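Participant: Chains as they are written, first to last, in the numbering used here: chain A, -4 to 896; chain B, -4 to 896.
The beta carbon of each residue, even a glycine, is placed where N, CA and C say it ideally should be.
Please read all numbers here as calculations on a predicted model, not as lab measurements.
One structure, pasted below without further comment.
2 protein chains.
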Amino acid sequence: MTKYVYDFAEGSKDMKDLLGGKGANLAEMTVLGLPVPPGFVITTQACTTYLRTGELPQELAAEVEEHLLALEAAMGKGLGDADDPLLVSVRSGGKFSMPGMMDTVLNIGLNDVSVHGLAKQSGSARFAWDSYRRLVQMFGKTVLGVKGEPFDSAFEEAKRAKGTRDDLQLEASDLEELVGRFQGIVRDHTGEPFPQDPRAQLELAIRAVFASWNTERAKLYRRQERISGDLGTAVSVCSMVFGNLGMDSGTGVAFTRDPGSGAQGVYGDYLQNAQGEDVVAGIRNTLPLQQLEELDKRSYDELMQTMATLERHYRDLCDIEFTIERGKLWMLQTRVGKRTAGAAFRIATQLVDEDLIGEDEALLRVTGAQLAQLMFPRFGSTKDAALLTTGMGASPGAAVGKVVFDSATAVEWQARGEDVILVRRETNPDDLSGMIASAGILTSRGGKTSHAAVVARGMGKTCVCGAEELEVDVHGRTLHAPDGSQITEGEVLSIDGTTGAVYRGAVAVTPSPVVQYFEGELAPEDGDDLVQAVHRLFVHADARRRLGVRTNADTPSDSERARRFGAQGIGLCRTEHMFLGDRRQLVEDLVLADSEKAQSDALAALLPLQREDFVGILRAMDGLPVTVRLLDPPLHEFLPDLVELQVEIAVAEATDGEVDPRRRKLLEAVSRLHESNPMIGLRGVRLGLVIPGLFAVQVRALAEAAAALRGEGRDPRPEVMVPLVSTVQELEIVREEAEQILAAVAAETGQDVATLIGTMIEIPRAALTSGSIAGAADFFSFGTNDLTQMGYGFSRDDVEASFFARYLDLGVFGVSPFESIDEAGIGRLVRISVEEGRAAKPDLKIGVCGEHGGDPASVHFFHAAGLDYVSCSPFRVPVARLEAGRAALLQDAEPPLGDTR
Amino acid sequence: MTKYVYDFAEGSKDMKDLLGGKGANLAEMTVLGLPVPPGFVITTQACTTYLRTGELPQELAAEVEEHLLALEAAMGKGLGDADDPLLVSVRSGGKFSMPGMMDTVLNIGLNDVSVHGLAKQSGSARFAWDSYRRLVQMFGKTVLGVKGEPFDSAFEEAKRAKGTRDDLQLEASDLEELVGRFQGIVRDHTGEPFPQDPRAQLELAIRAVFASWNTERAKLYRRQERISGDLGTAVSVCSMVFGNLGMDSGTGVAFTRDPGSGAQGVYGDYLQNAQGEDVVAGIRNTLPLQQLEELDKRSYDELMQTMATLERHYRDLCDIEFTIERGKLWMLQTRVGKRTAGAAFRIATQLVDEDLIGEDEALLRVTGAQLAQLMFPRFGSTKDAALLTTGMGASPGAAVGKVVFDSATAVEWQARGEDVILVRRETNPDDLSGMIASAGILTSRGGKTSHAAVVARGMGKTCVCGAEELEVDVHGRTLHAPDGSQITEGEVLSIDGTTGAVYRGAVAVTPSPVVQYFEGELAPEDGDDLVQAVHRLFVHADARRRLGVRTNADTPSDSERARRFGAQGIGLCRTEHMFLGDRRQLVEDLVLADSEKAQSDALAALLPLQREDFVGILRAMDGLPVTVRLLDPPLHEFLPDLVELQVEIAVAEATDGEVDPRRRKLLEAVSRLHESNPMIGLRGVRLGLVIPGLFAVQVRALAEAAAALRGEGRDPRPEVMVPLVSTVQELEIVREEAEQILAAVAAETGQDVATLIGTMIEIPRAALTSGSIAGAADFFSFGTNDLTQMGYGFSRDDVEASFFARYLDLGVFGVSPFESIDEAGIGRLVRISVEEGRAAKPDLKIGVCGEHGGDPASVHFFHAAGLDYVSCSPFRVPVARLEAGRAALLQDAEPPLGDTR
């Protein structure tokens, strides 16, 4: 028979599925012999049955009664007993903590009779009536669905009548009267009196917790966080203890180490004569935990003992909530505590040194996301900085610049070399150019899924949003600060995209010591404990990881930096940047060529330039593979903008009538090349097949560069990658031509120019026909940006701005699929491709060079999918190395998971 | 042991894989006892071994020798015998007939000695030397790879020396001398003398045939036709017979019925004292076959007998090649003959009436492509029409209009109500607007894969291309005809896209009787035998098919026509056309709305208009399902063009400075909505989720329309289809809102408005996650146009013009994937979706509404994939019905294939 109720003593921390996180940890503490108020947990299974059938499981009532009787016996009190009532709290708690669900009902068991028993036992009628008042209000709102407003009004009126604004001025008789009025409110709104039967109160509360699993807000949260709707929530029923029974009582929160810095030693706050909700409400200032030692040495010592036990037991930083009731310590909650990124690295290595965990586990305790945070520049000391306000940290980093209020100004000022901060009430797609031009973005409205936040994160641009205390006057070009002062256009602000802080004036930016470490500017021996921790964990991550990590780099300097950051080659060297600047002229010549001769002349002029590009990059990556992608974007990207040209010529015609003939010819060409949807138009291999000689020049340039370096005794390892292939025929044709060129260059130079020839897999059809494409490829490299664009049928440029914010709000996405790879759809294409590509050619080398290559969740996916390497931007290389190590530990059979000491 | 050589008597017509088409049919005739010159076939297996290893199979030489000895014995001659030489022909022939491969070498066995034997046996030295001359020339070119030009020059020179231009004027001695010169050419070019050993000649010829499998042209053809490169070719070795040994000899081709009309009775041509190549060269006029009866009654009777035997045996129209050598009939080739579309339908039903085949097989003998040809309008009598020239029929139909030479003129004249024919040397993407505006397109250059041909077929526009005799003078606005006359702009031409004929002046267009039949204007009883045949085959196709056939229709009149054509409902009713015309104003209002009120006012104004649209369509399809797709295209499609607006305002500012404020506001809105890639931008369900109320108005309009009709006692069957879904969450959100509206309308009207709610599957990710999407869908409908665009990552609008022609030329595609569904890639998405959608929801209804729904090959694919219906444009409905019937016969276990009498 299914068991639906577990006494705390029957559970353990490993039973989160069944008991929820809260319940499982209460059980664990109970089993450890720590002072937890007795209680029991109703399982998530009871919840799912209830949700499926609309009824509580038949056996549940009897099981609850049995555990309740045991609880009454243990406490020596009866639930709602007239003389010495047992009171209980009812709390929801699923496997994952989840806002939007009903949280807590305290003081269940009070009624018109037992309130007197509580008064007698506590010696305080005021305490008893206040507790009853809280029950009616909380129960009315959360269990019975009465709106909060009438309670609040009645409460305010009671205080008004008493001539006070302080709750504490209300006496027992005032509160007793208020209970009567609250009960009236319940009766008015539900048509029923407030339930007096304590067992009925309990059952109603349990049902309400179960039902709250399916509130709109809870469903939305689950959609966003991809939490299954089938899990259900558990219900903890716990005997009440009170920290508000006098100055020998109190309540507090504590951490077993400093969660901010990772420093060893406990850390917390204590509030005398108070309950948890009072701490949150901030009525009085809390005391540092250390002061408890003076107030109540016995409880303090027990607490220290308990925390030491918990840390040893959980082998990690724990955070706890506790209450002292008349000198007796009670543990109300514990869990592994959240911490800052720096603390995570420090604590992980501390725990190794303390012999609590092994190095594998230490590596699992830190994340790439934390590392990325540590790599952003930060403000140095902000002690003397003038904090203006704090908004939401929407996209991390530290940015300093002059305030501008519109995109045009941002673009203009940036062009003349100024750093600017774009300040807007909120942004929309019109602001894109300004966002690109700015060092940072500040908005007064919108949350973490607002347009500004989504787009800034996409760009990796520092952003603070929803700084609601600021009033943005775009027309007056002024920002009104909460202190009444004003900031006009051109004044300098500093914004912190991690904390959301906005400072007036320039705050000095400190380089990240972690970046200095990777750059070789700071050594572990230099004494920075964060650098030491990072170093140790990286040595271990590199030893464990199976995925190679390459970089996406198009210049020698990027290549060199990436190499310092640990890149094992280049996975994507884009060549389009090599067609910009002065070379646009050559592309124009190519496009305007009216004969084959003119066309091949234009291409020939590109050859020596491309060769020098490649010499530089191959030299920087000597001995490591360099994957060069043949030209990918449509040609018109190198030409003047169609609209601008059209307007220019129309205006010239309408005014003086003089039009430059080359501009007119260019307009013709640009019109001819214009596409409605260039992203899915004539680009990549299509361009290579339509413009004879284009790819040939690139392949020859690469081969000649390799030959030259080999002639110098170096070890270049070029690879040619064909973009946008959707059929094996395309690849076969390019491959045949490339092989001829390689052979020709080898013959001309007498050098070995061995070059792998492979393809991007970035078109869904390519993934779906990988079995045949593998026949013509030495390697695959997933272009997951395009694969996501094509697989979802949306263009990143267009849709991030127009509907991603709405989609994140609606929970259509939990996270943008451009940030983390969508495993169900796009990831499925990757898996199909790997499987069928390798089946056709077992030694096929497979990597990924889309931006997902540096995203932690995606790195785990690529590891699982069996790729050989990921490639990402230089700054993401360390993130990928760390996550590749973690992925190996989490997914591979060897070494086993769990305690790895 | 593998058998590599088969005597003709050992094979059969079912051995095409091994013996090739030609060889298998020669074997079949031999076994039937028909007079085939003895010979044998070397199998495709010998070829594939040769291609794989570069060597002929070891056992082959002995096998060939054995069969050759048998052949010599049978013929009583020896190969290359000095006195009475046996000569043989060597022909290639794979499973599929394939241009680009070496075709034939005749007269093998002749050398400097045996030529005298042949002269003696034939009684004609001239014949013998001419035969030898032909051998050296043919063998030199095709087997030894000597260029043709030196032979041709030598031949011309010999005639010049003789003072004649007629080959026949050359005498035996001239030809003998020519043989010497030809042998010299061979020696000069190969460094070896012309091979004198007849067996060496034979082996070299066999090797050459095998090697010709891999010529570039053959490989290209196979790529285009999707023929596997692994099949290889067979080689037929056949003893020579001669139709040029005098007036009692001759050669001919014949059909067992008229392949043009399908009329019963033999049909053919005969040429006395000639060989097959002379017939092709057209030196003398051929005689109608019937005259052979007078010339040689015995041979004629035998031929008639033979043809009757063949037709009864093959149970189909056969075409044959025969030779009469001195009064003796020899069959050289037969195969099931090609025929026109009309003939195919007539012959199929004739053969049923003659009890040669059953109705199932008759249905398999006709195709949707043939039916489509019969549905194009045709020119009536062209007897009196002035034929100007004949180009290639590149896109069928009959078009009449005034000649224009550029797109601007085409657009302008069409706008004033004129039909125009766009005439260009060749077209390029700049000509798109002109092609759209024209009734037909005529080019003087380019083949069936030229830009003009590809784009015109995509548009369903009549096109003749490559009319090389015409000279197009665009600047002079004149077309020079081959007869020296000129056609100036504005003169009328008539072009036939099926035959390629170009007529001067207007030729009357006759409606298709097949269309008249479907329209109900012609009944089978009216006596047209084509209509009768079509009717009979359609009755059978409808009885056999399992696929339903619906139509894509947006108006009541299209719906009615499609219903007459046999559509069983609407599979795609687009609603965007309902937002054009006068209603653009409302869309502008919606976009310019600066408050929620203004937005909902604009939507409310659309409601009654949409409702009337739906009433009309639901009424026309009463009792049948009508699938309405919610708004799909991006909003800016309903607004003025960005560039035009920008130019308009820039010019106004630059001149008088007066700008209409509404235009300026519109420019702001259009700029905001502008997308770089609208095809993969804010459209479909994304728009529905971003603009609150938009989909709601459409669903309400549909529900109210259905309620109104039900109130009239009708039986409307509306279905709501959500476009561009890529995640189940999108569909869930829309579905929830739609269900609420349906319930509300049902409550308001008291009518049943039961409506299925389903989704397009047109995004790769939707196909890949169909298992979860099915949970929120009553039906799937594949949008294979978008699925192809996204799956291949190309936008049809852009790429058909820019690189499809090149891709078809290169053989990257055999056929445009927009024409026939790409089974390997896009089709795989369809199969995954069907399988996983049905696994999740077994009663899921699944159809397709992309244009592929009316494409024959695609219909077979959709049948195999297990769809419930296809939906296509009204004119394609009959094609889909026919092919659905054929697909059922070809693919389903019951009834069995083969002879179904």
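Taking Cβ-Cβ distances below 7 Å as the criterion, which residues of the stretch 748 to 762 of chain B are in contact with chain A?
Facilitator: Answer set for the stretch 748 to 762 of chain B: Ile758, Pro759, Arg760.
Participant: Within 10 angstroms of its Cβ, does Gln347 of chain A collect 16 or more other Cβ (buried), or is it exposed?
Facilitator: According to the sequence displayed, residue 347 of chain A carries Val and not Gln. That one is buried.
Participant: If you pair each beta-carbon of the stretch 158 to 174 of chain B with each one of the stretch 115 to 125 of chain B, do three or more pairs fall below 8 Å?
Facilitator: With the cut-off at 8 Å, the stretch 158 to 174 of chain B and the stretch 115 to 125 of chain B touch.
Participant: Enumerate in chain order the residues of its own chain whose CB-to-CB distance from Leu634 of chain A is below 6 Å, with the five nearest sequence positions on each side excluded.
Facilitator: Val665.
Participant: So Pro687 of chain B contacts chain A; which residues on that side make the cut at Cβ distance below 8 Å?
Facilitator: Per Cβ cutoff of 8 Å: no residues; Pro687 of chain B is ~10 Å from chain A at best.
Participant: For Gly88 of chain A, which residues of its own chain have a beta-carbon under 7 Å away from its beta-carbon, when the five flanking residues on both sides are left out?
Facilitator: Closer than 7 Å at Cβ, skipping near neighbours: Gly15, Gly16, Lys17, Gly18, Thr228, Ala229, Ser231.
Participant: Quick check on DSSP: helix, strand or coil for Ile675 of chain B?
Facilitator: Ile675 of chain B: helix per DSSP, three-state reduction.
Participant: Closest to Arg160 of chain A by C-alpha separation, out of A:Arg531, A:Glu171, A:Asp147, would be which residue?
Facilitator: Comparing Cα-Cα distances from Arg160 of chain A to each of A:Arg531, A:Glu171, A:Asp147, the minimum goes to A:Asp147.
Participant: Name the two residues that bound the continuous beta strand (DSSP E) containing Gly247 of chain B.
Facilitator: Counting along the chain, the beta strand (DSSP E) containing Gly247 of chain B begins and ends at 245 to 252.
Participant: In whole angstroms, what separates the C-alpha of Val0 of chain B from that of Val36 of chain B?
Facilitator: Whole-angstrom Cα-Cα distance: 6 Å.
Participant: Judging by CA-CA distance, which residue of B:Glu297, B:Asn780, B:Val825, B:Leu532 is the nearest neighbour of Ser811 of chain B?
Facilitator: Residue B:Asn780 is the option with its Cα nearest to Ser811 of chain B.
Participant: Starting from Ile686 of chain B, follow the beta strand (DSSP E) in both directions and report where the run begins and ends.
Facilitator: Per DSSP, Ile686 of chain B belongs to no beta strand (DSSP E) and is neither H nor E.
Participant: What number of angstroms, rounded off, separates the C-alpha of Ala600 of chain B from the C-alpha of Leu581 of chain B?
Facilitator: Answer to the nearest angstrom: the Cα atoms are 7 Å apart.
Participant: How is Ser390 of chain A classed by DSSP in three states: helix, strand or coil?
Facilitator: Strand.
Participant: So is Glu61 of chain B buried or exposed if we call it buried at 16+ other beta carbons inside 10 Å?
Facilitator: Counting Cβ neighbours within 10 Å, Glu61 of chain B comes out exposed, since fewer than 16 surround it.
Participant: Within 10 angstroms of its Cβ, does His572 of chain B collect 16 or more other Cβ (buried), or is it exposed?
Facilitator: Exposed.
Participant: Could you give the DSSP three-state label for Asn102 of chain B: helix, strand or coil?
Facilitator: Three-state result, Asn102 of chain B: strand.
Participant: Looking at chain B, is there any beta carbon in it that lies within less than 8 Å of the beta carbon of Met454 of chain A?
Facilitator: Taking Cβ atoms only, chain B never reaches closer than 8 Å to Met454 of chain A, which makes this a no.
Participant: Please name the residue, chosen from A:Thr493, A:Arg730, A:Ala701, that lies closest to Thr744 of chain A on a Cα-to-Cα basis.
Facilitator: Checking every option, the nearest Cα to that of Thr744 of chain A belongs to A:Ala701.
Participant: So the alpha helix (DSSP H) Ala343 of chain B belongs to, where does it begin and stop?
Facilitator: 336 to 348 is the span of the alpha helix (DSSP H), which, as asked, contains Ala343 of chain B.
Participant: Taking its Cβ as the centre, do 16 or more other Cβ atoms sit within 10 Å of Gly566 of chain A, making it buried, or is it exposed?
Facilitator: With 16 or more Cβ atoms within 10 Å of its Cβ, Gly566 of chain A is classed as buried.
Participant: So which residues of chain B does Thr722 of chain A contact, with C-beta pairs closer than 7 Å?
Facilitator: Result: Val807.
Participant: Per DSSP, Cys844 of chain A forms a beta bridge with which residues?
Facilitator: Per DSSP, none; premise fails for Cys844 of chain A.
Participant: If you measure beta-carbon to beta-carbon, which residues of the stretch 723 to 734 of chain A are closer than 8 Å to chain B?
Facilitator: Here the close residues are Gln724, Glu725, Ile728.
Participant: If you draw a straight line from the alpha carbon of Val459 of chain B to that of Ala733 of chain B, how long is it in whole angstroms?
Facilitator: Going by the C-alpha atoms only, they are around 49 Å apart.
Participant: Alpha carbon to alpha carbon, how far is Met299 of chain B from Thr246 of chain B?
Facilitator: Using only the alpha carbons, I get a separation of about 15 Å.
Participant: If the cut-off is 8 Å on Cβ atoms, which residues from the stretch 452 to 481 of chain A count as contacting chain B, listed in chain order?
Facilitator: Cβ contacts with chain B: none found.
Participant: Can you list the beta strand (DSSP E) stretches of 3 or more residues lying completely in the stretch 825 to 883 of chain A, in chain order?
Facilitator: Listed in chain order, they are 840 to 843, 864 to 867.
Participant: Between the stretch 66 to 83 of chain A and the stretch 27 to 41 of chain A, do three or more beta carbon pairs fall short of 8 Å?
Facilitator: With a cut-off of 8 Å, the stretch 27 to 41 of chain A and the stretch 66 to 83 of chain A count as touching, because enough Cβ pairs lie within range.
Participant: Based on the DSSP output, what are the partners of Val85 of chain B in its beta bridges?
Facilitator: Answer is B:Val100, B:Val232.
Participant: Quick check: the Cα distance between Thr301 of chain A and Leu29 of chain A, rounded to an integer number of angstroms?
Facilitator: Taking the straight line joining both Cα atoms gives about 7 Å.
Participant: For Ile222 of chain A, I'd like the list of residues in its chain whose CB is within less than 6 Å of its CB, leaving aside the five on either flank, ordered along the chain.
Facilitator: Around Ile222 of chain A: Phe91.
Participant: Name the chain A residues that come within less than 7 Å of Tyr787 of chain B, Cβ to Cβ?
Facilitator: Going along chain A in sequence order, the residues near Tyr787 of chain B (Cβ under 7 Å) are Ser721, Ile758, Arg760.
Participant: Going straight from the alpha carbon of Pro713 of chain B to that of Pro851 of chain B, what length do you get?
Facilitator: So the alpha carbons of these two residues sit roughly 28 Å apart.
Participant: Just the Cα atoms here: how many angstroms apart are Val934 of chain A and Ser376 of chain A?
Facilitator: What the structure shows of chain A is the stretch from -4 to 896, and residue 934 of chain A is not part of that stretch, so it cannot be assessed.
Participant: Count the other CB atoms, across all protein chains shown, that sit within 10 Å of the CB of Pro477 of chain B; report buried if there are 16 or more and exposed otherwise.
Facilitator: Per the 10 Å Cβ criterion, exposed.
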